[in-house]
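Quick notes on the structure that follows.
Number of protein chains: 2
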Amino acid sequence: MSTRIGIIGYGNLGRGVECAVAAADDMELVAVFTRRDPATVKIQTAGVSVCSVADVEQWKDKIDVMVLCGGSATDLPVQTPQFAQMFNVIDSFDTHARIPEHFAAVDAAAKASNHIAIISVGWDPGMFSLNRVYANAILPDGKDYTFWGKGVSQGHSDAIRRIAGVKNAKQYTVPVEKALEEVRSGSNPELTTRQKHTRECFVVLEEGADAAAVEKEIKEMPNYFADYDTTVHFISEEELEKNHSGLAHGGFVIRTGKTGMNKEHNHVIEYSLKLDSNPEFTTSVLIAYARAAHRLAKEGQTGCKTVLDIAPAYLSEKSGEELRASLL
Amino acid sequence: MSTRIGIIGYGNLGRGVECAVAAADDMELVAVFTRRDPATVKIQTAGVSVCSVADVEQWKDKIDVMVLCGGSATDLPVQTPQFAQMFNVIDSFDTHARIPEHFAAVDAAAKASNHIAIISVGWDPGMFSLNRVYANAILPDGKDYTFWGKGVSQGHSDAIRRIAGVKNAKQYTVPVEKALEEVRSGSNPELTTRQKHTRECFVVLEEGADAAAVEKEIKEMPNYFADYDTTVHFISEEELEKNHSGLAHGGFVIRTGKTGMNKEHNHVIEYSLKLDSNPEFTTSVLIAYARAAHRLAKEGQTGCKTVLDIAPAYLSEKSGEELRASLL
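So the protein lines, in turn, are chains A and B.
Letter by letter, the first sequence follows residues 1 to 328 in the working numbering.
Letter by letter, the second sequence follows residues 329 to 656 in the working numbering.
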C-alpha cells in the first residue's frame with residue numbers, strides 16, 4: 001500500500017515535494033494545503049486537491065504523512081507541533097541553535113496524539129548531520145570541517161536587500177579551495193571564518209544610488225560579511241534574472257582523524273553534495289524520511305525523531321533481504 | 329558503565345580492535361582469544377588476558393561484545409554463528425555474495441540464544457553500503473558508482489604469488505581519475521571494468537625466473553587481471569619490504585541522479601575515504617558498532633543486524649540531547 005502524502009505550504013519546497021512524490025513508486029500525493037485562496041494556487045499534479053489549511057483536520061484519516069513546507073523562522077515552530085496533533089509530520093527545520101526547543105515542543109505534541117514526527121530533515125541539518133555523527137563515532141580522535149557552497153545564501157541575500165539603495169541582490173557562499181585541500185591533507189588546520197569561505201554578491205542598485213557607499217555597507221556588515229573576504233558586483237536586473245536565479249548549492253563534510261597505538265595513521269572521511277536544485281534535493285530527502293515515518297507509525301512508534309534516530313533501511317523501498325543482497 | 333570487549337583472533341584486525349578500544353572512553357578490553365598457544369601471543373595492552381579460544385565459554389558473563397577478527401573465507405562463516413550462541417558478536421564478513429546465507433545462519437543462532445549479532449561491519453561492506461542505501465533512497469532516478477583504492481588487494485597479491493617463479497608480490501587497485509571525473513560531471517557514463525580501475529603489480533622473482541613469462545601470465549589471468557590495464561614492476565625483496573608493506577586503502581561511492589518534473593536537475597552525492605591503515609579504520613568502525621550492539625542488547629533486542637538496521641545515534645558516546653545540540 002502506498003504512502004499517502006499531504007503538503008502544507010506550496011512554495012519552492014512544496015513544489016519539490018510534489019516532484020519527489022512523483023518519482024517514488026510507493027508514494028501518492030493526496031492534497032496540498034495553502035494559506036492562500038486555494039483557487040489561486042495552481043499545482044503540477046493532475047487530480048490532486050488544493051485546500052485551505054483551515055480545513056486540514058478533515059483530512060486526518062486520508063493522509064499518512066504530512067510534509068510541512070513552511071519556513072524555519074516563524075512557520076515551523078508553530079506549525080510542526082500544531083499539525084503533529086493530527087498527523088504524522090515531517091519538516092526541514094534548519095535553525096540549528098533552536099533544534100532542542102523545537103524537538104521538545106514537537107515531541108510533546110506527537111506523543112500526546114500518538115503520532116510520529118521527524119524534524120530537521122534535509123541536507124544540513126540532515127545528511128550532513130548524519131555524516132558528522134558517523135565520522136565522529138568512527139574517528140573519536142579527530143576534527144570536523146563543514147564547508148558550504150557554492151550556493152546562494154537566502155539570509156545573506158536578504159541582508160543586502162535591506163540596504164538603502166539596493167533594489168535586488170543575490171549572495172553566493174563559496175568554499176575556499178585552498179582550505180579544502182589543506183583539510184584533505186590531514187594536517188588538521190585551524191581555520192578562521194575568513195579562511196574557509198568567501199562571499200560573492202551580485203547587486204542591482206536603485207537609480208541614483210551610491211555604489212561605493214553600498215559596497216562599503218555590505219563589506220562592513222557585522223556577522224554577515226565583516227569576517228569574510230567579500231566581492232561585490234553591480235549588475236542590471238536583467239543580468240540578475242538571467243544568470244543568478246538558479247537554486248544550485250552543495251557543500252562538504254570532512255572529518256580527519258588518527259588511529260594506532262601511537263596515533264601514527266591518518267584517515268580522511270569526506271561527504272560532499274553538488275546540487276542543481278537545493279529545494280528539490282532537500283525534498284527528495286524529506287520524501288525518503290516520509291517513507292520511514294509511515295513505517296515507524298505502522299510499528300506503533302510515537303514522538304519526535306531526527307535523522308540520527310532512524311536506521312537507514314527504513315528509507316528504502318527495498319526489503320531488508322533485497323538490501324542485503326544488492327546494496328550491502 | 330563501560331562496554332567490556334573481547335577479541336577472537338589476533339592478526340591485523342585484532343590489533344586494530346585493540347587500538348580502537350584504547351581510543352574509546354567507554355570501552356574496556358577484557359581478553360584476547362587465540363587458536364595459537366596463548367603464551368606465544370604478545371598483545372599491546374597491559375593487564376589484559378590472552379586465552380585459548382577453547383576456553384571462551386568461561387567468559388560468557390564477563391564480556392558484553394565479542395569482536396570476531398577472523399577471515400571471511402573460512403573463519404567467520406563458522407565462528408560468527410558459533411560464538412553468537414554465547415556472546416553478542418560483531419564481525420567484518422566481507423564476501424558480498426555470501427552475506428544473505430551468513431546473515432541467516434547468524435540470525436538463527438543469535439535469536440535462539442537471545443543475543444545481538446552485527447555482521448559485515450567495516451567500510452565495504454559497511455560505510456560504503458550505508459552511503460549506497462541513503463543515496464538510492466534520496467535519488468531513486470540515478471546511478472551508483474563504487475571505486476576502490478588506491479590500495480592493496482590481498483586477493484590479487486595472493487594470485488600473483490601463486491605463479492611459478494614469483495617469490496613475493498603486492499598488487500594495487502587504482503581508480504582511474506578520468507572515470508571519476510566523468511562520473512562527477514553527472515553524465516551517467518556506462519563504464520567497463522577496464523575504464524574504472526587499473527592494476528599495478530610489484531613482483532619479486534625467484535632467482536632464474538623468466539620475467540617476460542611471469543608478466544604475461546599475470547596480465548592474461550582471467551577474472552583477476554585480463555579485464556584490466558595492468559602494469560608489472562619487477563623489484564627486489566628489500567624494495568618490496570621498504571616501499572610496499574603499507575596497508576593504506578580507500579575509495580569512492582558516488583551516486584548521480586535527477587530530480588524535477590522534467591528531470592531537469594542533476595545532483596551528485598559523493599562519499600570517499602582515504603585511509604592510512606585499512607585494518608585500523610575497519611576496526612574503528614567495528615568498535616563504533618560494538619557500542620551499538622551493547623545498547624541494543626540492553627534494550628532486549630536479539631538476532632542479526634547489519635549497518636543498515638542501526639540508527640546512527642547508537643554509534644555515538646553522546647546522548648540524543650547532546651547530539652541534537654552539537655552535531656545535528
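Glycine included, every Cβ here is placed at the ideal spot set by N, Cα and C.
Being a predicted model, the structure only gives us computed values, none of them experimental.
- B:G375 places its beta carbon 9 Å or farther from that of B:T611.
- Fully enclosed beta strand (DSSP E) runs of no fewer than 3 residues occupy 265-275 and 303-305 of the stretch 257-305 of chain A, in order along the chain.
- Where B:P409 is concerned, the enclosing alpha helix (DSSP H) starts and stops at D403 to F411.
- Under the Cβ criterion of 9 Å, A:T198 is not counted among the residues facing chain B.
- Across the stretch 624-635 of chain B, CB contacts with chain A closer than 7 Å involve T634, in sequence order along the chain.
- Counting the other Cβ atoms within 10 Å of the Cβ of A:D124 gives 16 or more, which makes it buried.
- Bridge pairing for B:S377: B:A359 [DSSP].
- Here B:V395 is not near B:H622, since their CB atoms are 9 Å or more apart.
- Nearest to B:T521 by C-alpha distance, out of B:C529, B:S515, B:V532 and B:A507, is B:A507.
- Under the three-state reduction of DSSP output, B:I446 falls in the strand class.
- Chain-order list of chain A residues neighbouring B:Q372: M261, by C-beta distance under 8 Å.
- With a threshold of 9 Å between beta carbons, B:N516 makes no contact with chain A.
- With its beta carbon at least 9 Å from every one in chain B, A:L180 lies outside the interface.
- Annotation for A:V41: Y10, T34 and V50 place their beta carbon closer than 6 Å to its own, counting only its chain and skipping 5 residues before and after.
- One alpha carbon belongs to A:N278, the other to A:W148, and they sit about 12 Å apart.
- Taking the Cα positions, A:I116 is about 32 Å away from A:R255.
- Taking the C-beta atoms as reference points, A:V307 is found nearer than 9 Å to A:I118.
- In this structure, A:G151 sits away from A:Y134, with a CB-CB distance that is not shorter than 9 Å.
- Against B:A465, the close residues of chain A are A288, L315 and S316, in the order they occur along the chain (beta-carbon pairs closer than 7 Å).
- Nearest C-alpha to B:S457 among B:S654, B:R619, B:I638 and B:A653: B:I638.
- Taken through DSSP and simplified to helix, strand or coil, A:R162 comes out as coil.
- For A:D25, the nearest CB of chain B lies under 9 Å from its own CB, placing it at the interface with that chain.
- Neighbours of A:V133 across chain B, judged by C-beta separation under 9 Å: P640, A641, L643, S644, K646, L651, L655 and L656.
- In this structure, A:I90 sits away from B:R652, with a CB-CB distance that is not shorter than 9 Å.
- Per DSSP, B:I427 is one residue of the alpha helix (DSSP H) stretching across I427 to A440.
- For B:I336 against B:G398, the beta-carbon gap comes to about 7 Å, under 8 Å, which counts as contact.
- At least one CB of chain A lies nearer than 9 Å to the CB of B:C347.
- Identification of chain A residues near B:N594 by a Cβ-Cβ cut-off of 7 Å yields D276, ordered along the chain.
- The residue among B:D353, B:A382 and B:A554 with its C-alpha nearest the C-alpha of B:P366 is B:A382.
- Not a single CB atom of chain B sits nearer than 9 Å to the CB of A:R162.
- Within chain B, the C-beta atoms nearer than 9 Å to that of A:Y271 come from N459, I597, E598, Y599 and S600, in chain order.
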